[in-house]
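J.:
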Amino acid sequence: MLQGGYPMSAKTPIGSNLKLFRAKKKLLKDFITNDPYLSGELGNYKHGTLFRHDIVFVSITDGSRTADLFTGEGEDFLSAFASAMNSAEKYVSDNNIDPLWVKVDCVNSCKICTRAEFEEEIRSSREFFFKKGVSFDTGFETALLEAQLNCCGLINYKNGTLDYNKIRDFLSSRTTLESIPDNVLSFTTVGYICDENKKLYKLYPDEENYGRRIVSELTKDDIKQVIETSSVYLANAVKDNGQFDYGVNPVNDFHFVTYNILRHSGTIWSLIMQYDTTKDEKLVPKIESTIDFLMQSIEYSDSDHAYLVERKSDEIKLGGNAIAIVTLSTYAAVFDSDRYDKLIAALANSVLDMQEEDGSYYHVLSFPDFQRKERDRIVYYDGEATFALARAYSITKDNRYLEAAEKALDYFIKNHNAGNVVMFTSFNPASGKSFITPNLAKAIALRGKRVITIDMDLRHASLSRMVARRSPVGLSSYLGGQEADIDSLILKDGIAEGVDLLPVGVIPPNPAELLQMGDMKTLIEKLRQEYDFIFLDCPPIEIVADASIVKEYADVTIFVVRAGLMDRRALGHVSELYKEKKFNNLTLLLNGTKYVSGKYGNYRYGYGYGYGYGYGNSYYSKG
Numbered sequence: 168m169l170q171g172g173y174p175m176s177a178k179t180p181i182g183s184n185l186k187l188f189r190a191k192k193k194l195l196k197d198f199i200t201n202d203p204y205l206s207g208e209l210g211n212y213k214h215g216t217l218f219r220h221d222i223v224f225v226s227i228t229d230g231s232r233t234a235d236l237f238t239g240e241g242e243d244f245l246s247a248f249a250s251a252m253n254s255a256e257k258y259v260s261d262n263n264i265d266p267l268w269v270k271v272d273c274v275n276s277c278k279i280c281t282r283a284e285f286e287e288e289i290r291s292s293r294e295f296f297f298k299k300g301v302s303f304d305t306g307f308e309t310a311l312l313e314a315q316l317n318c319c320g321l322i323n324y325k326n327g328t329l330d331y332n333k334i335r336d337f338l339s340s341r342t343t344l345e346s347i348p349d350n351v352l353s354f355t356t357v358g359y360i361c362d363e364n365k366k367l368y369k370l371y372p373d374e375e376n377y378g379r380r381i382v383s384e385l386t387k388d389d390i391k392q393v394i395e396t397s398s399v400y401l402a403n404a405v406k407d408n409g410q411f412d413y414g415v416n417p418v419n420d421f422h423f424v425t426y427n428i429l430r431h432s433g434t435i436w437s438l439i440m441q442y443d444t445t446k447d448e449k450l451v452p453k454i455e456s457t458i459d460f461l462m463q464s465i466e467y468s469d470s471d472h473a474y475l476v477e478r479k480s481d482e483i484k485l486g487g488n489a490i491a492i493v494t495l496s497t498y499a500a501v502f503d504s505d506r507y508d509k510l511i512a513a514l515a516n517s518v519l520d521m522q523e524e525d526g527s528y529y530h531v532l533s534f535p536d537f538q539r540k541e542r543d544r545i546v547y548y549d550g551e552a553t554f555a556l557a558r559a560y561s562i563t564k565d566n567r568y569l570e571a572a573e574k575a576l577d578y579f580i581k582n583h584n585a586g587n588v589v590m591f592t593s594f595n596p597a598s599g600k601s602f603i604t605p606n607l608a609k610a611i612a613l614r615g616k617r618v619i620t621i622d623m624d625l626r627h628a629s630l631s632r633m634v635a636r637r638s639p640v641g642l643s644s645y646l647g648g649q650e651a652d653i654d655s656l657i658l659k660d661g662i663a664e665g666v667d668l669l670p671v672g673v674i675p676p677n678p679a680e681l682l683q684m685g686d687m688k689t690l691i692e693k694l695r696q697e698y699d700f701i702f703l704d705c706p707p708i709e710i711v712a713d714a715s716i717v718k719e720y721a722d723v724t725i726f727v728v729r730a731g732l733m734d735r736r737a738l739g740h741v742s743e744l745y746k747e748k749k750f751n752n753l754t755l756l757l758n759g760t761k762y763v764s765g766k767y768g769n770y771r772y773g774y775g776y777g778y779g780y781g782y783g784n785s786y787y788s789k790g
């Protein structure tokens, strides 16, 4: 039996479940007590003057129903943990409950407040994103975790209040709540969970990611399980007519009646890619059924032009046509089929008709007259359309689609690019940025653009060493004041035809100081006037300070991550760099992926990650 895409265990003989529960209890105890957070922030937690004991909650479910909650208190974590677990263990034993998931929540903050104050906090949060628990007594006998408040519909988000009638009913199996006190306890928790495979996870305690599993190492088996369970969920969501069950509110089992054919098409793409990964033949009839439903929304204006129509609004959306092309072209690649080639071409022809002479797109047409309705609707329609044209070209080999995609990219560069100075950096040496930089420069030069690459690695001169022509003078000569004529330092066509190079020259003994004191600003301003693009090949950040110095001159930063090299844990730091805007227009580029080339182009990608930085002091010791 399946519940929400996860396998559910059948009833097991009495004693087996108890043995499993005890095993998970020990795993959780060892896992939590070894968490530095317990002896740090959580260990230093004070409950104020209300009480002095630690509070621990244990939740258990067999996957078929709402979890049962047990509360424990004690002078420290271990005694509170034991108290809650003893109650839970008795429940498992008495009822032969399969402990599929066992979750522990430790109170890490608590305050007393009025009901009005608590509900004001609810009103200030997004629907289903209120992340605090509440107790109507100081002993936590009437405590409700945030998961219970949200998942059991105990909060009326429309009014921003607690539903006290539902709360009384919900608590009736545990205790009697005769009246609602004027003051309540508001609290937060840090959670830990042991899943159906006895895998242990700590849950994020911060509000933004609250309750999500912290995964320090994502294995291939983890990824495979996610793909398999999500494919089961999507397959189960396909109705007999090929339509998806668009959405379900698990709180009240409400099934959404609205529908979006654009998202329907995108979900088909997900199913196709899941089949490509799992080779689960049970997915094939689901894919075919959903495509048949998609066809009901495709209309032709003539034999060569087709449109995906949103029936409820009688609209034709650029993004809808685009996603339909991507979905059908992916079907063609995965199933090696030409069934939809003519339709892909007809949809692509309609995208061409929605493109302006300057390369921009018109976003919305009315149906059935196919008249232009709205110039701009959603910003990412443009990217979807350009990608779709490229996919259509891979199927049909019609140069019109490739030329239109290139025209769109030219428009993006001209009108949306923050500037023409692009900085390339990474975390790790050997990420491939000094390979990507010249090759991307070559590709842009083929479009008739003037490009110069500057080797900013004043320690290794990685890019300078790659070219056939070597020069004893270069960037270091200019920054050090030995040479003022920039033009004399540039190697014309040093990378390729149309791609000039400003090499390092002599490697200086003081790169960071030279970058800070040298006249980089004047150099960049002069080159801006002469080149369409300036590429800065910089050393890895946080190994040396050079990249952090150069960043103020860059309009765009391309951060190169090499699959199999960078520690996944460092991705969180990259995210922080993005959020804090440490680098201008930070973009992540994944390098070193493996692909399989099929009849219809490259469509399958694989990712692998290694662990350990392995920097040492090698970056300083060479050159």
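Counting in the numbering used here, the sequence shown runs from 168 upward without gaps. Virtual Cβ for every residue (Gly too), placed ideally from N, Cα, C. As the structure is a prediction and not an experimental result, all values here were calculated from the model.
Which residues in the same chain as aspartate 330 place their Cβ atom closer than 6 Å to its Cβ, once the five residues preceding and following it in sequence are excluded?
T.: Here residue 330 refers to the residue found at position 163 of the sequence shown. So the qualifying residues of the chain are Leu321 and Asn323.
J.: For glutamate 664, I'd like the list of residues in its chain whose CB is within less than 6 Å of its CB, leaving aside the five on either flank, ordered along the chain.
T.: Taking the first residue of the sequence shown as 1, we reach residue 664 at position 497. For glutamate 664, where only same-chain residues beyond five positions count, there are no Cβ hits under 6 Å.
J.: From Glu242, Ala628 and Lys270, pick the residue whose C-alpha is nearest to that of methionine 252; which is it?
T.: Counting from 1 along the sequence shown, the entry for residue 252 is found at position 85. Closest by alpha carbon: Lys270.
J.: Quick one: what's got a C-beta closer than 6 Å to serine 764's C-beta in the same chain, skipping five residues either side?
T.: To locate residue 764, count along the sequence shown from 1; it is residue 597. With a pLDDT of only 44 at serine 764, under 50, the local geometry of the prediction cannot be trusted, and the value read off the model is given with reservation. If we look at serine 764 and ignore the five residues flanking it on each side, it has no Cβ neighbours.
J.: Would you be able to state if there are at least three C-beta pairs under 8 Å between the region 658-676 and the region 595-610?
T.: Touching, yes.
J.: Hey, serine 432 and alanine 513 are a contact pair by Cβ (cut 8 Å); roughly how many whole angstroms apart?
T.: Your numbering for residue 432 matches position 265 in the sequence shown. Your numbering for residue 513 matches position 346 in the sequence shown. No, serine 432 and alanine 513 are not in contact; Cβ-Cβ is about 15 Å, not under 8 Å.
J.: Alpha carbon to alpha carbon, how far is leucine 656 from arginine 626?
T.: Your numbering for residue 656 matches position 489 in the sequence shown. Your numbering for residue 626 matches position 459 in the sequence shown. In a straight line, the C-alpha of leucine 656 is about 18 Å away from that of arginine 626.
J.: Is the beta carbon of valine 518 closer than 8 Å to that of alanine 489?
T.: Against the sequence shown, residue 489 aligns to sequence position 322. Against the sequence shown, residue 518 aligns to sequence position 351. It is a contact, given that the beta carbons lie within the stated cut-off.
J.: What is the rounded straight-line gap between the Cα of phenylalanine 248 and the Cα of alanine 283?
T.: For the purposes of this step, residue 248 is taken as the residue at position 81 of the sequence shown. For the purposes of this step, residue 283 is taken as the residue at position 116 of the sequence shown. Answer to the nearest angstrom: the Cα atoms are 32 Å apart.
J.: Suppose contacts are defined by Cβ-Cβ distances below 8 Å. Is proline 670 in contact with leucine 658 by that definition?
T.: Translated into the one-based positions of the sequence shown, residue 670 becomes position 503. Translated into the one-based positions of the sequence shown, residue 658 becomes position 491. Yes, Cβ-Cβ distance for proline 670 and leucine 658 is below 8 Å.
J.: Go through the region 376-440 residue by residue and report every complete run of the alpha helix (DSSP H) that reaches 4 residues or more, in order.
T.: Whole alpha helix (DSSP H) segments, 4+ residues: 387-403.
J.: When burial is assigned at 16 or more other CB atoms within 10 Å of the CB, is arginine 729 buried or exposed?
T.: The residue labelled residue 729 in the question sits at position 562 within the sequence shown. Looking at its Cβ environment, which holds 16 or more other Cβ atoms inside 10 Å, arginine 729 is buried.
J.: Which of helix, strand or coil does DSSP assign to isoleucine 222?
T.: In the sequence shown, residue 222 corresponds to position 55, counting from 1. The answer is strand: DSSP assigns isoleucine 222 an E or B state.
J.: The beta strand (DSSP E) spanning glycine 239 covers which residue range?
T.: Locating residue 239 in the sequence shown gives position 72, where the first residue counts as 1. Start and end: 235-241.
J.: Identify, in the order they occur along the chain, each residue of the same chain with its Cβ nearer than 8 Å to the Cβ of valine 259, setting aside the five sequence neighbours on each side.
T.: Taking the first residue of the sequence shown as position 1, residue 259 is located at position 92. Within the same chain, valine 259 has close Cβ partners Asn184, Leu185, Phe188, Ile227 and Pro266.
J.: Taking all protein chains shown into account, do 16 or more other C-beta atoms lie within 10 angstroms of the C-beta of glutamate 374, making it buried, or fewer, making it exposed?
T.: Counted from its first residue, the sequence shown places residue 374 at position 207. It is exposed - the Cβ of glutamate 374 has fewer than 16 other Cβ atoms within 10 Å.
J.: Going by other Cβ atoms of all chains shown within 10 Å of its Cβ, with 16 needed for buried, is serine 629 buried or exposed?
T.: Here the question's residue 629 lines up with position 462 in the sequence shown. Its Cβ being crowded by 16 or more others within 10 Å, serine 629 is buried.
J.: What does DSSP give as the partner residue(s) for leucine 475 in the beta ladder?
T.: For the purposes of this step, residue 475 is taken as the residue at position 308 of the sequence shown. In the DSSP output, where bridge partners are listed per residue, leucine 475 has Ile465.
J.: Given 8 Å as the limit, is there contact between the region 566-576 and the region 518-533, that is, 3 or more CB pairs closer than that?
T.: As far as the Cβ criterion goes, the region 566-576 touches the region 518-533, which means the pair count is three or higher.
J.: Pull up the distance between the alpha-carbon of proline 678 and that of lysine 453, whole angstroms please.
T.: Locating residue 678 in the sequence shown gives position 511, where the first residue counts as 1. Locating residue 453 in the sequence shown gives position 286, where the first residue counts as 1. About 60 Å.
J.: How big is the Cα-Cα spacing for leucine 646 and glutamate 697?
T.: On the sequence shown, position 479 is the one that residue 646 refers to. On the sequence shown, position 530 is the one that residue 697 refers to. Going by the C-alpha atoms only, they are around 19 Å apart.
J.: Report the rounded CA-to-CA distance for isoleucine 621 versus isoleucine 701, giving the unit in angstroms.
T.: If you number the sequence shown from 1, residue 621 lands on position 454. If you number the sequence shown from 1, residue 701 lands on position 534. When rounded, the distance between both Cα atoms is 7 Å.
J.: Sort Ser468, Asp704 and Trp268 by Cα distance to phenylalanine 602 and report the nearest one.
T.: Counted from its first residue, the sequence shown places residue 602 at position 435. The candidate whose alpha carbon is nearest that of phenylalanine 602 is Asp704.
J.: Return the Cβ separation of leucine 690 and serine 643 in integer angstroms, given the expectation that the two are a contact with Cβ distance under 8 Å.
T.: Reading the sequence shown from its first residue, position 523 is the one you call residue 690. Reading the sequence shown from its first residue, position 476 is the one you call residue 643. Actually they do not touch by this definition, with Cβ atoms about 12 Å apart.
J.: Where does leucine 485 fall in DSSP's three states?
T.: One-based indexing of the sequence shown puts residue 485 at position 318. Of the three classes helix, strand and coil, the one that applies to leucine 485 here is helix, per DSSP.
J.: Please give the ranges of any alpha helix (DSSP H) in the region 571-616, keeping only runs that are unbroken, at least 4 residues long and fully inside the region.
T.: You should have 600-612.
J.: Please report the Cβ distance between tyrosine 528 and leucine 576, rounded to the nearest whole angstrom; I am assuming they are in contact, meaning their Cβ atoms lie under 8 Å.
T.: By 1-based counting over the sequence shown, the position of residue 528 is 361. By 1-based counting over the sequence shown, the position of residue 576 is 409. With 8 Å as the limit, tyrosine 528 and leucine 576 do not qualify as a contact, their Cβ atoms being about 12 Å apart.
J.: Where are the beta strand (DSSP E) runs, 3 residues long or more, that stay fully inside the region 269-313, in chain order?
T.: Qualifying beta strand (DSSP E) stretches, in chain order: 300-302.
J.: In its own chain, which residues sit with a C-beta less than 6 Å from the C-beta of glycine 526, not counting the 5 before and 5 after it?
T.: One-based indexing of the sequence shown puts residue 526 at position 359. Same-chain partners within the cutoff: Lys574, Ala575, Asp577 and Tyr578.
J.: Would you check if the distance between the CB atom of tyrosine 359 and the CB atom of leucine 370 is smaller than 8 Å?
T.: On the sequence shown, position 192 is the one that residue 359 refers to. On the sequence shown, position 203 is the one that residue 370 refers to. A contact, by the Cβ cut-off of 8 Å.
J.: Can we say the region 338-358 touches the region 295-304, given the rule of at least three CB pairs closer than 8 Å?
T.: Result yes; three or more Cβ-Cβ pairs closer than 8 Å.
J.: With distance defined between alpha-carbon atoms, name the residue in Ser470, Asn416, Thr444 and Leu510 nearest to leucine 461.
T.: The residue given as residue 461 occupies position 294 in the sequence shown. It is Leu510.
J.: Going along the chain, which residues of its own chain have a beta-carbon closer than 8 Å to the beta-carbon of isoleucine 394, five neighbours each way excluded?
T.: Numbered from its first residue, the sequence shown carries residue 394 at position 227. Taken in chain order, the residues that qualify are Gln441, Thr444 and Thr445.
J.: Would you mind sorting lysine 365 into buried or exposed? The rule is 16 or more other CB atoms within 10 Å of its CB.
T.: Counted from its first residue, the sequence shown places residue 365 at position 198. Lysine 365 should be labelled exposed.
J.: Taking the straight line between their C-alpha atoms, what separation do you get for threonine 111 and tyrosine 400?
T.: In this structure the chain extends from 168 to 790, so residue 111 is not present and cannot be described.
J.: Determine the direct distance from the alpha carbon of alanine 310 to that of tyrosine 204, and round the result to whole angstroms.
T.: For the purposes of this step, residue 204 is identified with residue 37 of the sequence shown, where counting begins at 1. For the purposes of this step, residue 310 is identified with residue 143 of the sequence shown, where counting begins at 1. One C-alpha to the other measures close to 23 Å.
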